[in-house]
Amino acid sequence: MISSSLKGLGRECRNILQKYSQKSPVKLGSLAKELNVKIKVSNMPMGISGQIKREDGEYVIRINRYEKRERQRFTIAHELAHYLLHRELIDRSPNGIQDNVLYRSGQPIEIEYEANRLAADIVMPRSLVEEKFDALSREGLSDEDLIKQMASEFQVSLTAMEIRLSNIHTL
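Our numbering puts the last residue of the sequence shown at 172; the count rises by one with no breaks.
Right, dumping it as structure tokens:
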């Protein structure tokens with residue numbers, strides 16, 4: 002089943018995303034490399050999570066070195082989503098798209114919502130989330146412990162996992 006956030010993507014992009022959605026945690030570095038996007042860890046101002054822009058003919062994602070690894074992973078997925086969905090916006094601005102800690106970039110809010118939805122699909126593929134949720138549910142864990150284990154499995158924040166589970170109606 003193709004998630005609604007993937008429907009607007011070309012077949013080649015969907016196939017690449019599908020390839021990386023078979024096992025958790027999703028290998029975001031390998032995914033970016035296959036999409037010809039470089040990832041750099043950078044000293045960024047406080048309050049800035051990431052940026053994607055075109056530099057010397059290449060697309061480069063910069064992530065804030067001072068943020069937690071789980072946050073960095075979602076930021077990478079978010080910036081990859083901008084690359085897949087909003088490349089023309091990246092190309093139009095010399096600074097590309099720069100997102101603050103709330104994933105706001107100065108772009109229309111719908112653009113950020115689209116990027117967040119696709120980012121969640123990238124870093125927490127629905128089929129893997131549902132499979133892991135079903136397995137852990139059989140263990141009789143509390144919701145809190147279940148969310149902690151799943152967040153650890155997918156290497157995302159507790160908040161990101163809680164939102165993902167809520168959005169796919171498993172909690």
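We put the beta carbon where it would ideally sit given N, CA and C, even for glycine. The structure presented is a predicted model; accordingly, all values stated were derived computationally and were not measured.
Task: Range of the contiguous beta strand (DSSP E) that encloses residue 51 - done: If you number the sequence shown from 1, residue 51 lands on position 50. Its beta strand (DSSP E) spans residues 49-56.
TODO: Over the uninterrupted beta strand (DSSP E) stretch that includes residue 41, give me the two end residues.
DONE: Within the sequence shown, residue 41 is the residue found at index 40, counting from 1. From DSSP, the beta strand (DSSP E) with residue 41 extends over 38-43.
Task: Opposing strand residues paired with residue 183 [DSSP bridges] - done: A query on residue 183 cannot be resolved here, the shown segment of the chain reaching from 2 to 172 and no further.
TODO: Using 10 angstroms around the beta-carbon of residue 139, count the other beta-carbons present and answer buried if the total reaches 16, otherwise exposed.
DONE: Reading the sequence shown from its first residue, position 138 is the one you call residue 139. That one is exposed.
Open item on the list: Quick check on the DSSP output: the alpha helix (DSSP H) that includes residue 133 runs from which residue to which?
Closed with: Counting from 1 along the sequence shown, the entry for residue 133 is found at position 132. It spans 127-138 - the alpha helix (DSSP H) in which residue 133 sits, taken as one unbroken run.
- [ ] List the residues that DSSP assigns as beta-bridge partners of residue 84.
- [x] Stepping through the sequence shown from its first residue, residue 84 is reached at position 83. Paired residues: none, contrary to the question.
TODO: Leaving out five residues on either side along the sequence, give the residues of the same chain with a beta carbon under 7 Å from the beta carbon of residue 66.
DONE: Here the question's residue 66 lines up with position 65 in the sequence shown. Within the same chain, residue 66 has close Cβ partners 42, 43 and 44.
Task: Exposed unless 16 or more other CB atoms sit within 10 angstroms - verdict on residue 47 - done: Here residue 47 refers to the residue found at position 46 of the sequence shown. Counting Cβ neighbours within 10 Å, residue 47 comes out exposed, since fewer than 16 surround it.
TODO: Please determine, among 157, 70 and 143, the residue with the shortest C-alpha to C-alpha distance to residue 130.
DONE: As a working note, residue 130 is residue 129 in the sequence shown. Comparing Cα-Cα distances from residue 130 to each of 157, 70 and 143, the minimum goes to 157.
Open item on the list: How far does the alpha helix (DSSP H) with residue 169 in it extend, from its first residue to its last?
Closed with: For the purposes of this step, residue 169 is taken as residue 168 along the sequence shown, with counting starting at 1. Careful: residue 169 lies outside any alpha helix (DSSP H) and carries neither H nor E.
Task: Candidates 93, 21 and 11: closest to residue 128 by CA position - done: For the purposes of this step, residue 128 is taken as the residue at position 127 of the sequence shown. Proximity to residue 128 across 93, 21 and 11 peaks at 21, based on C-alpha coordinates.
Open item on the list: Taking the alpha carbon of residue 152 as the reference point, which residue from 64, 120, 25 and 35 has its own alpha carbon closest?
Closed with: Looking up residue 152 in the sequence shown gives position 151. When only C-alpha atoms are compared, the closest one is 25.
Open item on the list: I need the DSSP call for residue 10, collapsed to helix, strand or coil.
Closed with: Taking the first residue of the sequence shown as 1, we reach residue 10 at position 9. Looking at residue 10 - three-state DSSP - the assignment turns out to be coil, as it is neither helix nor strand.
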